[in-house]
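Residue numbers (our numbering): 5 to 127. Cβ coordinates follow ideal geometry from the N, Cα and C atoms, glycine included. What follows is a set of notes on a single structure, which appears directly below.
Put into structure tokens, the structure is as follows:
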């Protein structure tokens with residue numbers, strides 16, 4: 005339901021797709037968008053730049069978004085093929101079908117968020 009509908013507010017989104025090179029100055033903004041999303045939320049890193057910083061090994065480039073937010077699915081490639089991106093979205097669907105919302109209340113999930121300095125209170 006509603007998968008084909010784009011959302012322009014993080015509060016209405018279930019999935020965050022991060023594509024391209026992420027500058028370190030953009031990191032706090034990306035983390036804020038992630039924290040504004042309602043549970044359950046899923047993150048897909050699309051392309052080599054989002055997954056690992058790509059070829060831009062620079063002081064100003066974040067070497068993968070998993071340095072600041074937890075990532076559920078990685079779609080490698082430079083650029084990734086459209087089929088790979090579709091497969092990544094289908095993997096998120098499979099995760100959503102198999103995961104219980106109660107998992108997000110476990111101490112393990114809270115420890116994961118704590119390792120990223122993300123508060124899960126009030127969600």
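With respect to the 8 Å criterion, residue 92 and residue 37 are not classified as neighbours on the basis of their beta carbons. If you check the CB distance, residue 72 and residue 34 come in under 8 Å. Assigned with DSSP and collapsed to three states, residue 94 falls in helix. Fewer than three pairs of CB atoms, one per stretch, sit closer than 8 Å, so the segment 55-75 makes no contact with the segment 97-112. Under the three-state reduction of DSSP, residue 99 is assigned to helix. In the structure shown, residue 27 falls within a strand segment according to DSSP collapsed to helix, strand and coil. Between residue 28 and residue 65, the C-beta spacing is below 8 Å.
Shown here, residue 37 sits in a helix according to DSSP, grouped into three states.
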